[in-house]
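Scroll down for the structure; my scribbles are underneath it.
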Amino acid sequence: MKRIFGLLLGGALLAGCSETKTDAAADVNVQSLNQQFIGAWNAKNTVQLDSLLADDVQYAQGATRFSGKSEVSDKWVRATMGTIADLKLYTTTSGSGPAMAYEAGTFSTEVLPEMADQPRGEGEGNFILVWKKNAKNAWKLSYVQLEGLPVKAK
């Protein structure tokens, strides 16, 4: 009886350890996800950016709100793609779990002039990016919040 109890206890301990490893393995490196997004943005790769957006993605900046992949892609990604360059993120906090990950901090970017005779600008502000796993277990950008400061001329 003691031998069976010992085997059951040992099996339970091993199962508990392997469950913890499985949960940890399910976590994602949110910095890697954000680097994919920033890399695609700086390369002006709208196809890749679209592939990273969740179908139900939400975008917020001040009073501006966009909902859904189509609206966010059209009114944020494509509408602003040609106006900024060299987007950079500076993380202050991040976290991840098996189905959700987030990163928040500050951003900086070069603001391109609308006309050739205008100066370039520098933009900066705060960001929050939230990633979630979809039904196919793919990580997708689910929520974007940007709060920019006024653009400074270079």
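Note that full-length UniProt numbering numbers the sequence shown so that position 153 is 153, with each residue one more than the last. For every residue, glycine included, the Cβ atom is placed at its ideal position computed from N, Cα and C.
- Around the beta-carbon of Tyr59, 16 or more other beta-carbon atoms lie within 10 Å, marking it buried.
- Rounded to whole angstroms, the separation of the alpha carbons of Ala99 and Lys136 is 12 Å.
- Less than 8 Å separates the beta-carbon of Lys152 from that of Gly121.
- In this structure, the beta-carbon distance from Ala101 to Leu33 falls below 8 Å.
- Per DSSP, the unbroken alpha helix (DSSP H) holding Leu49 starts and ends at 46–52.
- A distance below 8 Å between beta-carbons, with the five flanking residues on each side excluded, links Thr92 to the following residues of its chain, in chain order: Ala104, Gly105, Thr106.
- Judged by DSSP secondary structure, Trp41 falls within the alpha helix (DSSP H) whose first and last residues are 30–42.
- Under DSSP, Gln58 takes part in a beta bridge, and its partners are Ser67, Tyr143.
- Rounded to the nearest angstrom, the Cβ distance from Ala85 to Thr109 is 7 Å, consistent with a contact under 8 Å.
- Residue environment analysis places Ser142 among the buried positions, since at least 16 neighbouring C-beta atoms fall within 10 angstroms of its C-beta.
- In the DSSP secondary-structure assignment, Ala85 is bridged to Glu110.
- Membership of Asn137 in any beta strand (DSSP E) is not indicated, and neither H nor E is assigned to it by DSSP.
- Across the structure, Asn42 and Ala79 are spaced so that their CA atoms are roughly 14 Å apart.
- In this structure Leu129 touches Val144 by the C-beta definition: roughly 6 Å separates them, less than 8 Å.
- In the structure shown, Val72 falls within a helical segment according to DSSP collapsed to helix, strand and coil.
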